[in-house]
Amino acid sequence: MSQYELLTLVTSLLAIVVSLVSLVRTRKIAQEQLELERVTAELSKVQLKNLEEENKAKNLPKFNVTIQRLGKNSFFYITNTGQGTAYNLNLELVNCSENPLYDVEHKLPHPEMKPNSRVKLNASFHTQSPLKYEAKLTWEDAEGNPVSENFWLTR
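For the sequence shown, position 4 (counting from the first letter as 1) is numbered 1417 according to this note's numbering, and the numbering increases by one without interruption.
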């Protein structure tokens, strides 16, 4: 073998080695890129699920029940602070032998409670009335599913 043939052979072998190293590195990078794409796809699914839950939560009613006194009169206020509408809203006092609400049968169940609206229920307390009440609020959501929430109220 001549010197030129040997040099050509060595150069070819070096080119093959460089190509193999490049091929191995490219394969590793491609595997890492596929893994990153898989993780990105999973993250996108989680983000979409979170956005759907947030949008659903935005369209749900959120209630607050309070007892307020104005002069000699007392009232139970039911306020919808959420962005959704509730239907067939009802309030009952749990474990309450003497119900202080005296106009509840005329106002409840409330057929529709839109966002940022409230219902005022007249109440009459005396000196022996309990200082705290457990109120159970029940309603139906937009799909007609029954929902309930309990509140502890103090006067």
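Glycine residues also receive a C-beta, built at the ideal position from the N, C-alpha and C atoms.
Just so it is clear, the structure is predicted and the values come from calculations on it, not from any experiment.
| Item | Value |
| --- | --- |
| Continuous beta strand (DSSP E) stretch holding N1501: start and end | A1499 to V1507 |
| Y1546 burial status per 10 Å Cβ neighbour count (16 or more: buried) | buried |
| Simplified DSSP state of T1421, which is helix, strand or coil | helix |
| Supposed close pair F1476, L1521 - CB separation, criterion 8 angstroms | That pair is no contact at about 13 angstroms. |
| Ranges of the beta strand (DSSP E) found wholly within the segment 1429-1501, counting only runs of at least 3 | 1476-1483 and 1486-1493 |
| Buried or exposed (CB count within 10 angstroms, at least 16 for buried), N1493 | buried |
| S1495 and P1524 closer than 8 angstroms at C-beta | According to the sequence displayed, residue 1495 carries Gly and not Ser. Going by C-beta atoms, G1495 is not nearer than 8 angstroms to P1524. |
| Rounded separation between L1544 and R1568 - CA only | 6 angstroms |
| The segment 1477-1492 in contact with the segment 1529-1536 per 3-pair CB rule at 8 angstroms | yes |
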